[in-house]
Amino acid sequence: MSRFRLDSDGDAEMTVPQPVYEYIGPPKFVDWDQASLVKWRRAREQYEENIHERSTYEIGKDKSQITDEDIMVKVKE
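Start counting the sequence shown at 25; every next residue gets the next number (my numbering).
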């Protein structure tokens, strides 16, 4: 038995809502030459900004004020 139904057009009707977030992973080291390190550093700065913005948006507090309890409340939602 499948986990979805097909509508009249043949498209799948999903029974579980799809997540509305995108996984943001940290940048990986590719090589140790100067150009790669500069590229990695820029990507790391962008990654940190994205995480800061997301945590501020989701929890409604500045990153420095977020506690473990705040994070666990969001995880359990």
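Every residue gets a Cβ at the ideal spot worked out from N, C-alpha and C, and that includes glycine. Quick caveat, the model's predicted, so the values are computed rather than measured.
**Message:** Please report the distance separating the alpha-carbon of Met38 from that of Asp31.
**Reply:** 10 angstroms
**Request:** Could you give the DSSP three-state label for Glu37: helix, strand or coil?
**Result:** strand
**Item:** Residue nearest to Ile48 in terms of C-alpha spacing, selected from Trp56, Lys85, Asn74, Arg66
**Value:** Asn74
**Request:** Report back the beta-carbon spacing between Pro51 and Arg68 to the nearest angstrom; my notes put them in contact at under 8 angstroms.
**Result:** 6 angstroms
**Prompt:** Excluding five sequence neighbours on each side, which residues of the same chain lie with their C-beta closer than 6 angstroms to the C-beta of Val54?
**Reply:** Ser60
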